Amino acid sequence: MESLIPVGLTDLQGVYPALNLAVAGIVILLLDAFFPMRSKLLSAWITLIALHLSFTCGLHRLTSGMDETFFHGAVRMDPFTHAFTVIICLASTLAVLSAPKYLRLRDCHYAEYYALILFSVSGMLLFSAAEELIMLFLALETMSIPVYCLVAFTRDNEYSTEASMKYFVMGAFATGFMVYGVALLYGSAGSGYFADLPRGAASSPGLFYSGMTLVLIGFLFKIAAVPFNMWTPDAYEGAPTPVTTFMAEAVKAAPFSGMIKLLIVAFGFSQAVHLWMPAFIGIAILTMVVGNMVALVQTDMKRMLGYSSIAHSGYILVGIVASVKLNSSEALASVLYYLFIYVLMNAGAFGILILFSHKNKDTNAIDDLVGLGRERPWAAAFMGIYTLSLTGIPPLGGFFGKFYIFSYAIKAGLTPLVIVAILTSVMSAFYYLKIIVAMYFREPSDPQHPAAFSYEGYSVFLIAMLCFTAFGVIYFGIFPKTPLTLARLAAASLIPAP
Amino acid sequence: MSYEYAVVVVFMVVGIGMVLAPLVIGKLLRPHNPYPQKNMPYECGKDPFGEAHSMFDIRLYTLMLVYLIFDVEFVTIVPPMLVMANLGVPALLEIFAFIGVLALGLAYLWKHGHLEWVKTV
Amino acid sequence: MILLRYIILAPIAALLLNLLFGRFWSKTTTAFLACGAVFVSFAAAANNCVYMIRKLAVPEMQTIFDPVFSWISVGRVQVPVDLVFDPLSCVMCLIITGVGFLIHVYSVGYMSHDPGFRRFFIYLNLFIAFMLILVLADNLALLFVGWEGVGLCSYLLIGFWHTDMKNASAGKKAFVVNRVGDLGFLLGMLLILAVFGTLSVTDLRELISTAASAMTPASTAVATTICLLLFVGATGKSAQIPLYVWLPDAMAGPTPVSALIHAATMVTAGVYMIARLHFLYALSPVASAVVAAIGAATALFAAVIGLAQNDIKKVLAYSTISQLGYMFLAVGVGAYTFGIFHLTTHAFFKALLFLGSGSVIHAMSGEQDMQRMGGLRRYMPVTYWTFLVGTLAIAGIWPLSGFFSKDEILLSARLASTPVLSGAALFAIGLCAAFLTAFYMGRLFTLTFFGNSRASEETKHHIHESPWTMGGPLILLAVLAAGAGFGLRQFENFLSPIFGHPEEAPHEIKLAIMAVSLLAGITGLALSLYVYLRRPDIPRKISTSASLLCDCIANKFYIDELYEKTVVRLVYIAGIVSHAFDKHVVDRAVNWTGGGLRFGGFMLSFFQSGNVGTYAVWFLIGVLALLHAMGGVHPPPAP
C-alpha cells in the first residue's frame, strides 16, 4: 500500500500559486475576525500581494518552462497552466483594484469580498492544472461557489440577490449535468485521468460520448455559449460592478483553460473530434449571432457588455476549433493572446462605469454617458480606447486578437465560420460605437446631467487600473511580440510541434 | 417496430405496481380505528404547534451549515483512521491539517457571533 | 553643408510652435518666428548652394542627397522619402525661401490689422514647407505630396477671408480645377510606375539614358502619353489653357499670397516639373511641341484679356498667366535654362509688382479698381519708383532683367522647329504677347500713378506711404528685378550640369531679335502712355465702335460661362443622379439591414424572459440537441 502514501511537500510546492491564494484568503478572514478594522484596505493589499506572488510565480515558471505532475498525476503544472495562472491573476488583480471604491460607496466594504475572490481564484488556478475528472470538478466548484456569493454581495440590493439566485440555480443545474457526465466517463473508462479516458471510448462508446457531451455542457454553461447563456445578462447586470468585472474576465478565462485542456488531452482523438467539432462550430455561430444581435438593442451597458462577452466567447470558440483542426500551437497561442487582451479591455470598460458610479445610483445606461467627452475628456478617451479595441479597430489589441484567430481559422478551412464571425463583429461595431457617439456627439437633454460625472469617492487603485489597461490595450496591440512569444511557449506544451 | 422500449414499459408497470401493491394490501389487512391523538403529526414527542409549512429562522440555517460541515468532516476522517497503520505519520498530519482548516472556519464563525442565537453586534 | 531635411524642418517647426503655443505670445513673436524660420531655410539653402558652387568641378559632388526614411514599400514598389539638391532645386529653393522671406516680412506690415494674423503665418509657413518638399523631392510620389500640399495651402489662403462667400468659392474653384489637372498628373505618374517600375527621378534618368538609343515608335508613343498626362497636371497647377480659369479668381486672397503663391512660386511648379523631367520630354518631340504651342497660345490669349481688365490685381493675374506661357514656350522648345531663368526673373519682378499693388491697395483702403486711382506718384514715392522698375522689367526694357530672359526665350523659339508650330510662328506669337504685355502694363502704370486722382475724397485723405516692413522688401525686390539679368551667363553655367550648355546662336539673328523685342516693349509702353495720358478718349471710342469685341475681351471670352454651361453642368447632373442613388438605394439598403438586425435582436431578447424556469427549459433543449448530435449516435470508425 506504499502507493497510497499521499501528499508530500513537493506536491504542495507544485500548487504553490493556488495554495498561496487560499492561505491568504484564510488569513484575511481571521485577521478581520480577530482584529476588525474600519478600513479594509489592509485586506485589499494582502490580496494584491498574494495575487502578485502567484502572478510572478506563474510567469517565472512559464519562462523557465516547468512541466511536472503532482498529486499522482491529478495536477499537471505545464506552461499552459502557467500562462493561465498569469492571465487569471492579472484579471483578478484588475478586478480587485476596481473594487474598493465601489464597495465603499455601497457601504459593504467587507474583508470577505477579498477572501471570496481569493478562494475563487485558487480554484481557477487548479482548474487549468487539473488532469483528472474529480480534480477538475472540485476546482470548478471551488471557483463557482464564491462567485455565487459575490454576485449577491450587495445583499440589500434586490437585483443583486435575484441575480445570485438565478446564477446559483442555473449553475447547480449545469453542475448536475456535469457530475453526471463525470460519472459516465469514469464508468466507461474506469479511471478519472484525462489520459486514460480515450480507453472508455473503445470499450463503451455510448457511455463515453454521452459523458463527454454532458461534461462539455458544463463548460459551455460556464463560458456562456448559446443556448446555455441565459444566466449571463441577468447575473452581469445584477452583480455589483466590480464583481461583474471579475466574472467577465477571470471567471470567463478559467473555464476556457479547463475546456481546452480537456478537449485536447482527453477528447483530442479523431473519433471524438469528429463528434464535438461540428457541434462546436454550430454553437460558435449561434453564440456570435445571438450575442451580438441581442446586444444591439440593449440600453444598459452592463447588460450590453454581458451580451458582448457572450459574443466574444463565440470568437474564442472559433479559435479553439481552428487550433484543434490545424493541430497547431500557433493557433492556440492566438487564443491565449486574445484572452489576455480581452481581459484588459473588458476590465477597462467596466472600470469606467465604476469610476462614475454614485452612492445611490450606478452609471450604467448608455444615456448616462452623454456628454462625457466634454466633461471628462480623459475618461472618455480611455472609454473610447476600450470600446474601439472591443470592436477590433487597429492598432489596438482587440484587432490583432481577432485578426490572429480569424486568420488561423481561415487557414484551417473554416471560411464560412470566419465570414459569420466577421459579419457579426461588424454588427458589434454598431453597439460599441453607440457608446462613443453618446460620449462625444450627443447633447445632454438635461442641463443638470454633467453632474453625473462628478467623482464620488476617489480611488488611486481604480485610476491605476484604468491607466494600465488603456496602456496595455495600445502597447500590446502595437508590440504583440512578448505576449505572443509567451503564449506560443504555453501552447506548445499542449500541442507539441509536429 | 422496436421491442427495445418494451423494457421501459415493463419497468414502469412493475415500478408502479410495487408502490401500489403494499398500499392496497395494507388497506385490506389493517384495522381502521382513528382518534384525534392518532391523527396528530409526530414531532419528537412534542406537541406540534402552527402549520407544518412554517418559516424557520435564518439563524437555524447557519447553525445547520456548521453542523453539516462537521458531519462531513467525521465521514471524511473515519476511513483513513481504519488504515492509519499502513499510511503512517504523514497521513495523520494531513488529517490534522484538514481539521485545522475547518477549525479556523469555526473560529471565524464564533468570533463573528454566528453561533449566538441572540447576536451582539 | 547642411542636411536637406533641416531646410524643410525650419518652417514646419515654426508653424507647429505658432499653432500650438501661438495664443500665449504676441503677434510680434509669431511674426518673428515665421519670418525667422524662412530665413533659416534660406540661409541653409544658400549655404548648400555655396558648397555646391565650390564643388561644381567635381561631377559626382554636384548633387546633395539626403535619404530621410522609407515611406512606402509594397512588393517591388519602393517609395523612399529622399531629398535631392542639385542646381535646379537649388535655384528653386533660393527663390522660394528668398522671395518667400521678403514676402513674409512684407506680410507683417500688410496683415498687421487682421484678426487672422497667426493663422495667416501658419498657412504661409506650411506653404513654404510643402513647396520645399516639392522642389527637393527626388521621388515623383513625394513631389506629388508637395504638389498637393501647396494646392491645399493655396486653397486655404485664397479663401483666407472665408466669411465672404465670394472668396470661399474662389478657393473652391482653384481647388477643383487643380483636381482636374492632378488627375492627369496622377495618371502620368502611375504610367511611369507601370513602365519603368520606379518613381525616383534619379533612377528614371539613368534608365532613360541607357534606353534612349533603343527607342521604338511604340515606346515613343508611351513617352508622349506620359508627358502629355503630366502636362495636364502642369496646366492645372500653372494656369495654362485650358485650366487657367482659377488663377484670376484666386486674387481673392490677400495680396502677399498672390505674390508668393500665385506669381512667384507655386504656379511655376508645372514649369519646374517639366524641367525636372526634361530627359523624358526629350524623348517625345510631339509632347514638347504641344507644351510650346499651349505656352505660346496662353501667353497671347492671357495678354489680350489683360488689356481689358480694370481690377489692378486681375491685370497682374492675367499677366502672370501670360508670363507662365512664356516659360512653357521656353521649356517646350528645349530652352530649359532660359525657362528657369525667366521663372527666376519673373519671381522677382512679379512679386515686386504684386507687392507694389498690395501697397497701393493698402493705401487706397482696399480699392482695387484702377478707374478710381491715379496720381499716386506724389503720395507714394517708394511704391512708385519700385513699381516703375517692375513695369520696365516685365515690359522687357534693357537693361532690366525681364529683357534678358524674354529675349533669350524669343531667340530660342525663333531657332526651334517643332512638329506642331514652326519656330517663326512661335516667335511671332511671343513677340505679339511681348508687345501686349508692355501695353497693358503701361496702361496699369499710367492709370495708377499718373494723371489726376479719381478716388473719393475720404479715400484720398487716407492715402499714405506704406511702413518699412512693406517698403523694405519692395526696394530689395526692385534691386533684384533690375539687376538679375546680368547674371545670365553665370546662371547658364550653374545649370549646365543638368541641362547642358545651350547652342550659341548666330550673332546677327541674336542682335536682330534683341532689337525687335526691345522695340516691341518700348512701343507698347509708349503707346499706352500716349493713349491713356494724352488721348483718354481713344479707348472709349474703340469700345463703342467695336463693342462686341471689347465686351468679349472684358468678359474673358466667356470661357468661364462656357465651362459652367458644359463641364460643370454635366458634373452637377451626375452629382444629382448619384446623390439620388445613394439616398434611395445605398442608404435604404444600409438602413434596412440595420433595422432588420435590430428587430432580430429585439425578437431574440424575448428569450431572455427573466424566468429561471424558462432558462432551464432552454438549457434542457440545448442538452438534448447536443446529446443528439454528439452522444446519441455512434461515432464513425477511425480513418
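Chains as they are written, first to last, in this note's numbering: chain A, 37 to 534; chain B, 4 to 124; chain C, 822 to 1460. Cβ coordinates follow ideal geometry from the N, Cα and C atoms, glycine included. These figures come from a predicted structure and were not determined experimentally.
Residue i versus residue j: straight-line alpha-carbon distance, rounded
{"i": "Ile1334/C", "j": "Trp1219/C", "result": "13 angstroms"}
{"i": "Val1388/C", "j": "Asp1070/C", "result": "18 angstroms"}
{"i": "Ile106/B", "j": "Val75/B", "result": "Here residue 106/B is Ala; the residue named in the question, Ile, does not match the sequence. Cα to Cα, the separation comes out at about 13 angstroms."}
{"i": "Ala834/C", "j": "Leu841/C", "result": "11 angstroms"}
{"i": "Ala1080/C", "j": "Trp1067/C", "result": "15 angstroms"}
{"i": "Ser990/C", "j": "Gly980/C", "result": "8 angstroms"}
{"i": "Ala135/A", "j": "Tyr378/A", "result": "19 angstroms"}
{"i": "Val153/B", "j": "Ile352/A", "result": "This structure cannot speak to residue 153/B, because chain B is shown only from 4 to 124."}
{"i": "Glu1329/C", "j": "Asn1376/C", "result": "42 angstroms"}
{"i": "Pro1460/C", "j": "His310/A", "result": "With a pLDDT of 43 at Pro1460/C, under the threshold of 50, the modelled position of that residue is not reliable, and the figure given next carries that caveat. One C-alpha to the other measures close to 11 angstroms."}
{"i": "Gly108/B", "j": "Leu391/A", "result": "35 angstroms"}
{"i": "Ala1113/C", "j": "Gly1153/C", "result": "4 angstroms"}
{"i": "Tyr374/A", "j": "Phe305/A", "result": "26 angstroms"}
{"i": "Ile916/C", "j": "Thr1344/C", "result": "31 angstroms"}
{"i": "Asp1228/C", "j": "Ala1341/C", "result": "11 angstroms"}
{"i": "Thr849/C", "j": "Tyr476/A", "result": "37 angstroms"}
{"i": "Ser39/A", "j": "Phe107/A", "result": "Low confidence applies here, because Ser39/A scores a pLDDT of 47, under 50, leaving its location unreliable; read the following figure in that light. Going from the Cα of Ser39/A to the Cα of Phe107/A covers about 11 angstroms."}
{"i": "Ile429/A", "j": "Thr281/A", "result": "22 angstroms"}
{"i": "Ser910/C", "j": "Phe515/A", "result": "40 angstroms"}
Any C-beta of chain A under 8 angstroms from that of residue i
{"i": "Tyr64/B", "result": "no"}
{"i": "Tyr111/B", "result": "yes"}
{"i": "His115/B", "result": "yes"}
{"i": "Trp1439/C", "result": "yes"}
{"i": "Leu118/B", "result": "no"}
{"i": "Ser1426/C", "result": "yes"}
{"i": "Gln1061/C", "result": "no"}
{"i": "Leu107/B", "result": "yes"}
{"i": "Ala1410/C", "result": "no"}
Interface flag, residue i vs chain B, CB-CB below 8 angstroms
{"i": "Ile82/A", "result": "no"}
{"i": "Ala54/A", "result": "no"}
{"i": "Ile123/A", "result": "no"}
{"i": "Ile62/A", "result": "yes"}
Extent of the continuous alpha helix (DSSP H) to which residue i belongs
{"i": "Phe189/A", "result": "That residue, Phe189/A, is in no alpha helix (DSSP H); it is neither H nor E in DSSP."}
{"i": "Phe305/A", "result": "Run containing Phe305/A: none; DSSP gives neither H nor E here."}
{"i": "Val12/B", "result": "Ala9 to Leu32"}
Residue i: first and last residue of the uninterrupted beta strand (DSSP E) it sits in
{"i": "Asp903/C", "result": "Val898 to Phe906"}
{"i": "Val251/A", "result": "It is not in any beta strand (DSSP E) - Val251/A instead sits in the alpha helix (DSSP H) that spans Pro241 to Lys258."}
{"i": "Trp544/A", "result": "Chain A is shown from 37 up to 534; residue 544/A falls before or after that span and cannot be answered."}
{"i": "Thr99/A", "result": "Looking at the DSSP string, Thr99/A is not in any beta strand (DSSP E); the run it does join, the alpha helix (DSSP H), is Leu77 to Ser100."}
{"i": "Arg940/C", "result": "Arg940/C -> not in any beta strand (DSSP E); alpha helix (DSSP H) instead, spanning Phe938 to Leu957."}
{"i": "Met113/A", "result": "Val111 to Met113"}
Any C-beta of chain C under 8 angstroms from that of residue i
{"i": "Met37/A", "result": "With a pLDDT of 37 at Met37/A, under the threshold of 50, the modelled position of this residue cannot be trusted; read the value that follows with caution. Chain C contact via Cβ: absent."}
{"i": "Met329/A", "result": "yes"}
{"i": "Val246/A", "result": "In the sequence on display, residue 246/A carries Ser and not Val. By this cut-off, Ser246/A is an interface position."}
Using 8 angstroms as the threshold, is the region 285 to 302 of chain A in touch with the region 159 to 179 of chain A, meaning 3 or more CB pairs across them? Using a Cβ-Cβ distance cut-off of 8 angstroms, the region 285 to 302 of chain A and the region 159 to 179 of chain A are in contact, since at least three pairs of beta carbons, one from each stretch, lie closer than that value.
Are three or more beta carbon pairs between the region 857 to 868 of chain C and the region 1283 to 1303 of chain C nearer than 8 angstroms? Judged by Cβ distances under 8 angstroms, the region 857 to 868 of chain C makes no contact with the region 1283 to 1303 of chain C, as fewer than three pairs qualify.
Runs of alpha helix (DSSP H) wholly within the region 307 to 391 of chain A (minimum 4 residues, chain order): Runs of the alpha helix (DSSP H) lying entirely within the region 307 to 391 of chain A, each at least 4 residues long, are 337 to 362 and 365 to 391 in chain order.
Which residue spans inside the region 1034 to 1079 of chain C form an unbroken alpha helix (DSSP H) run of at least 4? Within the region 1034 to 1079 of chain C, the complete alpha helix (DSSP H) runs of at least 4 residues are 1038 to 1058 and 1067 to 1070.
Check whether the region 352 to 371 of chain A and the region 426 to 446 of chain A are in contact - that is, three or more C-beta pairs closer than 8 angstroms. Taking a contact to require three or more Cβ pairs closer than 8 angstroms, the region 352 to 371 of chain A and the region 426 to 446 of chain A qualify as touching.
Could you check whether the region 921 to 929 of chain C touches the region 1282 to 1295 of chain C, counting it as contact only if at least three pairs of C-beta atoms, one from each stretch, sit closer than 8 angstroms? Yes, the region 921 to 929 of chain C touches the region 1282 to 1295 of chain C.
Check whether the region 253 to 270 of chain A and the region 1433 to 1449 of chain C are in contact - that is, three or more C-beta pairs closer than 8 angstroms. Yes, they touch.
Segments assigned alpha helix (DSSP H), at least 4 residues, entirely inside the region 1411 to 1460 of chain C: With a minimum length of 4 residues, the continuous alpha helix (DSSP H) runs that stay inside the region 1411 to 1460 of chain C are 1433 to 1447.
Please determine if the region 235 to 252 of chain A and the region 145 to 164 of chain A are in contact, where contact requires at least 3 C-beta pairs separated by less than 8 angstroms. Not touching, per the Cβ criterion.
Please give me, in chain order, every unbroken run of the alpha helix (DSSP H) with length at least 4 that falls completely inside the region 1208 to 1268 of chain C. The qualifying runs are 1222 to 1236.
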